[in-house]
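Numbered according to the numbering used here, the sequence shown spans residues 76 to 394.
Heads up, the beta-carbon is just placed ideally off N, CA and C, and yes, glycines get one too.
Nothing here was measured: the structure is a model prediction, and the numbers come from that model.
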Amino acid sequence: MFTSTGQARDLLEQCGLVDTHYHVGPELVIRRYDVKTLADVAAPFGATLVLKNHTYPTTPLASLARGQFGANFYGGVVLNNFVGGLNPAAVESAVSGNRARVDAPAPDDCPIVVWMPTVHAAAHLRTHGFGFDPNWSGCCTHGHEPEPVERVPDTPVLAFDDDLRPLPELIATLEAIARHGCVLATGHLSADEVMRLVPLAAEIGVRRIILTHPHYPAIKLSDDRQRELIRIPGVFIEHCFAIHTQDGVALEAFAEAIRKTGPERVLLSTDFGQVNSDPFPEGSVRYAMELGARLDGVVSRTDFLAMFSDNGRRALAGR
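Next comes the structure, spelled out in structure tokens:
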């Protein structure tokens, strides 16, 4: 796909890199970047990043970066216990912070991503036994065994009952997401929950939906199910490099999924920001090199680069 890392880097910069999943601190675990240090490396590259934090809305940080640091950052909110779980007020909170100018009369007209629960999703807690994965903090790089890092009781945030019927708070939250034109991301819900969530959200009026790293161990959304869901307009599949580098899922699984679904609705993001992950933009460049080698001759270079760029713009803009 590429003859060198230099060529891959140049082409990612030229196409306008979009990473729909980038972690920023401060947070309960240590992170590589705060919003200023991330802007310092992303803005010169001309990249668009969606900032994620498991504990609080990132729209104010993204707004600050747009207004003061010249970075094209978007924000959102993850519906964990830290913001009250599934509730319309958390969506309203994220929307209220989406202003690059504090005296702006209305929120900025730019995307907001609302993630379903992650570290407090029932599927996540069943799989890991705790909320924050200690590997996210990078403590493995300091020569000692990691320990779970969690400051609140591991109470799951539920979206469905035991029979996969949607709970009232899920309906109310999806209505708020639709009302404000936000992007819905499926977070760490189980595969069965994702299969119920996506058509329900579309029926309620949510126009843009991202299937968050479907190969994550707590999710395991099959390729056939991914292919089924992208038949719904506005649904995109997000394959994150961290699911390989942090969780050990083989890149061949990503490549096989892309062969089955096609590249048109695929987003290639890093899910980076951990201190033991590559810095920006080296993480994206390495991802392009390693996955590109597995898709060479399967998808064109144009389509491959679109998964790092234009597809993300479509997913965020609703086109």
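Going by DSSP, what residue range makes up the beta strand (DSSP E) through VAL110?
Taken as a continuous stretch (DSSP letters only), VAL110 belongs to no beta strand (DSSP E), being part of the alpha helix (DSSP H) at 110-117.
When the Cα atoms are used, what is the spatial distance from ALA277 to ASP236?
If I take the Cα positions, the gap works out to 20 Å.
Considering only residues of the same chain and omitting the five flanking positions on each side of ALA137, which have a CB-CB separation below 7 Å?
Around ALA137: LEU126, PHE148, TYR149, GLY150.
In chain order, what residues of the same chain have a beta carbon less than 8 Å from the beta carbon of ARG306, not counting five sequence neighbours either side?
Here the set comprises nothing.
What's the C-alpha gap between ALA179 and GLY142?
Approximately 12 Å between the Cα atoms of the pair.
What separation, rounded to the nearest whole angstrom, lies between the Cα atoms of GLY387 and ALA332?
Roughly 18 Å between the two C-alpha positions.
If you drop the 5 nearest sequence neighbours on each side, which residues of the same chain put their C-beta closer than 7 Å to that of ARG369?
Excluding sequence neighbours, ARG369 sits near LEU326, GLU327, ALA330.
Excluding the 5 residues flanking VAL99 on each side, which residues of the same chain have their C-beta closer than 8 Å to its C-beta?
These residues qualify, in order along the chain: ARG106, TYR108, ASP109, VAL110, LEU113, LEU126, LYS127, ASN128, THR133, LEU136, GLY348.
Quick check on PHE329: does DSSP put it in helix, strand or coil?
Here PHE329 sits in helix by DSSP.
Can you tell me whether PRO243 is buried or exposed? The criterion is at least 16 other CB atoms within 10 Å of its CB, across all chains shown.
Answer is exposed; the Cβ neighbour count stays below 16.
Out of SER265, GLY280, ILE279, state which residue places its alpha-carbon closest to the alpha-carbon of LEU286.
Cα-wise, what sits closest to LEU286 is SER265.
Buried or exposed for VAL177, please, with buried defined as at least 16 other CB atoms from any protein chain shown within 10 angstroms of its CB.
The residue is exposed, with fewer than 16 neighbouring Cβ atoms inside 10 Å.
Could you name each continuous beta strand (DSSP E) segment of 3 residues or more that falls completely within the segment 307-390, going from the start of the chain to the end?
Qualifying beta strand (DSSP E) stretches, in chain order: 310-315, 341-344.
Which parts of the segment 153-214 are runs of the beta strand (DSSP E), unbroken and 3 residues or longer, counting only runs that do not cross its ends?
List check, beta strand (DSSP E) in window: 187-190.
Where do the N-terminal and C-terminal ends of the beta strand (DSSP E) with ALA260 fall, by residue?
Counting along the chain, the beta strand (DSSP E) containing ALA260 begins and ends at 258-260.
Flag this pair as yes or no: are the beta carbons of SER273 and LEU304 separated by less than 8 Å?
The sequence given here has Val at residue 273, not Ser. Cβ atoms of VAL273 and LEU304: closer than 8 Å.
Going by C-alpha distance, which of ALA392, LEU249, THR345, PRO308 is nearest GLN321?
Among ALA392, LEU249, THR345, PRO308, the Cα nearest to that of GLN321 belongs to THR345.
With DSSP as the reference, identify every bridge partner of HIS263, one or two as the case may be.
Per DSSP, none; premise fails for HIS263.
Suppose the cutoff is 6 Å on Cβ atoms and the five residues either side in sequence are ignored; what does the same chain contact list for LYS295 look like?
Cβ within range, chain order: ALA266.
Helix or strand or just coil, what does DSSP make of HIS217?
Any answer about HIS217 is weak, because its pLDDT of 40 lies below 50 and its placement is not dependable; what the coordinates show is given next. In the structure shown, HIS217 sits in a helix (DSSP, three-state: H, G or I).
Is the distance from the Cβ of ILE312 to the Cβ of THR336 below 8 Å?
Yes, the Cβ-Cβ distance between ILE312 and THR336 is below 8 Å.
Apart from the five residues on each side of it in sequence, which residues of its chain come closer than 7 Å, Cβ to Cβ, to MET364?
Closer than 7 Å at Cβ, skipping near neighbours: PHE77, THR80, ALA83.
Return the chain-ordered list of same chain residues with a C-beta closer than 8 Å to the C-beta of TYR131, the five sequence neighbours on each side being excluded.
So the qualifying residues of the chain are VAL152, PHE157, VAL158.
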